[in-house]
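Numbering-wise (the numbering used here), the sequence shown opens with residue 1 and increments by one. Beta carbons are placed, not taken as given, at the ideal position from N, Cα and C, and that holds for glycine. Below is one structure; the comments refer to it alone.
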Amino acid sequence: MDDTELHRERILRHVSPIITGRFVGFQASYTREVRVGRALAIAVFVTAGIAQMIGSLMRMRPARRSLKDLRKGPEFLVTPVRLRDDLGQTYEIEMHGQLPQSALHRGDLVQVRTQPQADPTLPVKLMQVVNLTTMQPLTPRIPTRWSHLGPAMLLQAAAGLTIFGVVLAALLR
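Below, the structure is given as structure tokens:
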């Protein structure tokens with residue numbers, strides 16, 4: 001091997017739910033989209049549509065979103081995080097969402113709780129990190145499907161479901 005050749009650091013995938021090591025740093029972040037299930041999107045869309053119809057008859061201005069917009073889902077920030085254990089092995093895990101920039105510094109001793117992702121080719125997902133240097137517990141926050149749908153749409157869907165239930169009960173009498 002030539003001395004001028006670059007040596008790549010070997011990155012390991014950890015299988016244990018708890019990893020303890022030194023914080024090496026954050027890698028370049030990117031966004032990933034969460035898909036909303038077809039059944040959930042259609043159920044919310046249809047029941048909200050019932051409330052929208054009633055609202056339009058009463059000259060109220062309902063919140064309108066297309067089924068395609070509902071299915072698209074929220075985007076969240078993905079940041080690969082690297083840790084090094086006492087044996088010098090480097091591990092990469094994915095952090096979904098954000099943490100304060102000042103929460104972790106290079107060399108801090110951390111303990112992270114992880115969870116495997118649905119796609120086995122992806123690194124484990126960081127669920128919670130405890131900075132053992134400062135004794136600060138941290139949990140990254142990401143947008144959820146419910147926050148993506150929005151309170152107005154969910155209230156309309158609840159109203160539409162109630163109206164549907166009342167009409168169905170009246171018909172079945």
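| Which residues DSSP lists as bridging L77, in chain order | Partner(s): T31.
| request: Tell me whether V124 sits in a helix, a strand or coil according to DSSP, three-state version. | output: The DSSP-derived three-state label of V124 is coil.
| said: Quick check on the DSSP output: the beta strand (DSSP E) that includes P137 runs from which residue to which? | reply: Element bounds for P137: Q136 to L138.
| For the region 112 to 131 against the region 90 to 100, are there 3 or more C-beta pairs whose distance is under 8 Å? | Yes: the two stretches touch, three or more of their Cβ pairs being nearer than 8 Å.
| Could you give the distance in angstroms between the alpha-carbon of V130 and the alpha-carbon of E33? | Cα to Cα, V130 sits roughly 27 Å from E33.
| query | Looking only at its own chain, which residues have a Cβ that is under 6 Å from the Cβ of Q115, when we skip the five neighbours before and after it? | reply | Within the same chain, Q115 has close Cβ partners K125 and M127.
| field | Counted within 10 angstroms of its Cβ, other Cβ atoms place V166 as buried (16 or more) or exposed | value | When all chains shown are included, V166 counts as exposed.
| By Cβ distance below 8 Å, which residues in the same chain neighbour V78 in space, the five residues on each side in sequence not counted? | Contacts found: S29, Y30, T31, R32, E94, M95 and H96.
| query | Is any beta-carbon of chain B found at less than 7 Å from that of Q101? | reply | Absence of chain B from the displayed structure is noted, only one protein chain being present.
| message | Cutting at 6 Å between CB atoms, please list the residues of its own chain near R84, excluding the five before and the five after it. | response | Apart from the 5 residues on each side of it in sequence, R84 sits with its Cβ closer than 6 Å to the Cβ of G21, R22, V24 and T90 in its chain, given in chain order.
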